[in-house]
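Colleague:
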Ligand code: NAD
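Numbering (my numbering), first residue to last: -14 to 379.
(1) Compare the C-alpha of residue 20 against each of 7, 51, 39 and name the closest.
(2) If you draw a straight line from the C-alpha of residue 109 to the C-alpha of residue 149, how long is it?
(3) For the ligand NAD, enumerate in chain order all residues having a CB closer than 6 Å to any of its heavy atoms.
(4) Looking only at C-alpha atoms, which of 275, 267, 2, 290 sits nearest to residue 163?
(5) Distance, Cα to Cα, residue 100 vs residue 59?
(6) Can you check DSSP and say which residues form a bridge with residue 93?
(7) On the CB-based measure, 16 or more other CB atoms within 10 Å of its CB, does residue -13 come out buried or exposed?
(8) Which partner residues does residue 204 have in the DSSP bridge list?
(9) Rounded to the nearest angstrom, what separates residue 44 and residue 330 at their Cα positions?
(10) Could you check if residue 354 is buried or exposed, using at least 16 other CB atoms within 10 Å of its CB as the buried criterion?
(11) For residue 12 and residue 293, I'd like the C-alpha separation in whole angstroms.
(12) What are the start and end residues of the beta strand (DSSP E) that includes residue 28?
(13) Between the Cα of residue 379 and the Cα atoms of 191, 78, 302, which residue gives the shortest distance?
(14) Which residue wins for smallest C-alpha separation from residue 80, given the options 69, 53, 218?
(15) With burial defined as no fewer than 16 other Cβ atoms inside 10 Å of the residue's Cβ, what is the status of residue 377: buried or exposed?
(16) Going by C-alpha to C-alpha distance, which of 333, 300, 305, 332 sits closest to residue 318?
(17) In the DSSP output, what is residue 163 paired with across the bridge?
(18) Mapping the DSSP letters down to three states, classify residue 171 as helix, strand or coil.
(19) Output needed for residue 83: all residues of its chain with C-beta closer than 6 Å, excluding positions within five of it in sequence on either side, in chain order.
(20) Can you find at least 3 beta carbon pairs, one from the region 60 to 74 and one from the region 337 to 346, that sit closer than 8 Å?
(21) According to DSSP, is residue 290 helix, strand or coil?
(22) Note the first and the last residue of the continuous alpha helix (DSSP H) segment covering residue 8.
(23) Report yes if the CB atom of residue 405 is closer than 7 Å to the CB atom of residue 236, and no otherwise.
(24) Specify, as a first and last residue, the run of the alpha helix (DSSP H) that residue 43 falls within.
(25) Considering only their Cβ atoms, is the gap separating residue 0 from residue 71 smaller than 7 Å?
(26) Could you give the distance in angstroms between the alpha-carbon of residue 290 and the alpha-carbon of residue 136?
(27) Is the distance from the Cβ of residue 279 to the Cβ of residue 326 below 7 Å?
(28) Report, in whole angstroms, the separation of the C-beta atoms of residue 107 and residue 206, which I expect to be a contact under 8 Å.
See below:
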């Protein structure tokens, strides 16, 4: 099958198996170019491991620290005549390369919110690894079926208590327009917290701990975002921000649980990046296009892999200083939040229109990064050639 990108709104409904494998290889090459990470974890569970920050965390753990990894993700498998999702192919690409390098890698494709997947993963740890010494929680999901009640909670990206109007961009068509989003209802707020808050992270840690598969000095980290004031009403102070506050509250409880035996729990605030999750948030893709323009010009631009390699090598391990902020969080968004970067961003924000979008922002870079997430635009891949869509999980 000759596989071309088919973009529908903020998703690409096709993905290229060989391109996804090449994207994973690029990330492995980057991590290896930075050298080994000392004192890193050796047995790592990544929840949300198939794309974005979770995939890059898994690659940093495996190829930077030499860790055995278990990945949990929710992806559509390929079939004889139907493409799988990018995360499916990414995982196969990762697993092939990890095993070729002599590293253990095992995968679970299913609903991480369910008790069933937790039990399966715990059994796999018992069988193969004994314990894990790092748990990365990197889920981004639009919905959660609650394991106790069966209720399906759907997350929304809305402001809280106020109507929000700002500029946004249709990244596909390159049109800048104004968007107005009405505030979330109480039920929508509660649902978003149920999906993207800390309850499931805490359930994972409790289940792993009770089963005796969490090393006494295990670390765990979950990811958050704060961003600039221009996005606060829709992000930091919106429904997703309230869910992230809930994640931070869970972090404090997990920390209390793990610290007596030498374990650690962290929230890492990461940079705004093109991902399948962030492309769905109004306003944010325009901010990212502006940010990329500024940070590329300054030579401080980073993608998921640069961020996660730095998190492991310059914060969590390698004898590094955690450099926590006043709320006890790791700030790997430090280059994004530099005052000069933010001041330039604010200036561009006030000027950007459909007509000057290409000139004032890195919308071209945004689009290229977006397609790369689905395996398109990678060097060395012949996109005119036939590619076998069906790749069984290994
Ligand atoms: P992503 O969409 O690239 O990855 C989400 C992962 O979760 C995938 O592996 C997916 O398969 C998995 N997943 C989703 N639902 C699942 C389910 N029910 N069961 C099992 N797996 C499931 O997202 P991302 O942007 O890498 O986000 C990861 C985390 O980082 C989120 O907490 C997000 O808020 C945070 N973050 C993102 C950004 C950004 O700009 N992208 C910035 C800072 C922090």
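Quick reminder that beta carbons are idealized off the backbone N, C-alpha and C, glycines included.
Modeller: Checking against the coordinates, here is how it stands:
(1) 51
(2) 46 Å
(3) 33, 34, 35, 36, 37, 38, 39, 57, 58, 59, 60, 72, 96, 97, 98, 123, 124, 125, 126, 208, 209, 210, 255, 257, 258, 260, 261, 262, 263
(4) 267
(5) 15 Å
(6) 57
(7) exposed
(8) 119, 249
(9) 31 Å
(10) buried
(11) 10 Å
(12) 28 to 32
(13) 78
(14) 53
(15) exposed
(16) 300
(17) 152
(18) helix
(19) 47, 90
(20) no
(21) helix
(22) 2 to 18
(23) Residue 405 lies beyond the stretch modelled for the chain, which goes from -14 to 379, so this question has no answer here.
(24) 37 to 44
(25) yes
(26) 35 Å
(27) yes
(28) Their Cβ separation, rounded to whole angstroms, is 20 Å, which puts residue 107 and residue 206 out of contact at 8 Å.
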